[in-house]
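Enquirer: Provided herewith is a single structure, encoded as structure tokens, for subsequent inquiry.
In our numbering, the protein residues as written are 19 to 105.
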């Protein structure tokens with residue numbers, strides 16, 4: 019695949035976005051992908067499962083709206099402070 023240029027990125031946001039390149043591209047993995055209506059809850063559940071497993075690493079979740087991002091942030095901050103099993 020060819021990396022999109024700045025003009026292509028501007029089509030999506032009105033301004034150029036930074037392009038992120040993985041240092042070791044083989045490390046990335048798609049664990050869950052859904053186009054269904056319940057993608058939001060499924061994504062948050064998966065993030066919490068990964069967090070509770072105590073494995074090191076980063077998680078990227080792509081959400082559609084600012085409202086989803088804000089809600090996900092609030093939920094994950096709240097749940098991340100709760101002891102496992104106490105929601």
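Glycine is no exception: its CB is placed at the ideal position from the N, C-alpha and C atoms.
#1: Compute the Euclidean distance between the alpha carbons of residue 96 and residue 59, then round it to the nearest angstrom.
#2: At which residues does the alpha helix (DSSP H) containing residue 72 begin and terminate?
#3: Reducing DSSP to helix, strand and coil, say where residue 83 ends up.
#4: Relative to the alpha-carbon of residue 62, which residue among 99, 85, 79 has its alpha-carbon at the smallest distance?
#5: Beta-carbon separation of residue 65 and residue 94 under 9 Å?
Expert: Looking at the coordinates:
#1: 15 Å
#2: Neither: residue 72 is in no alpha helix (DSSP H) and is coded neither H nor E.
#3: coil
#4: 79
#5: yes
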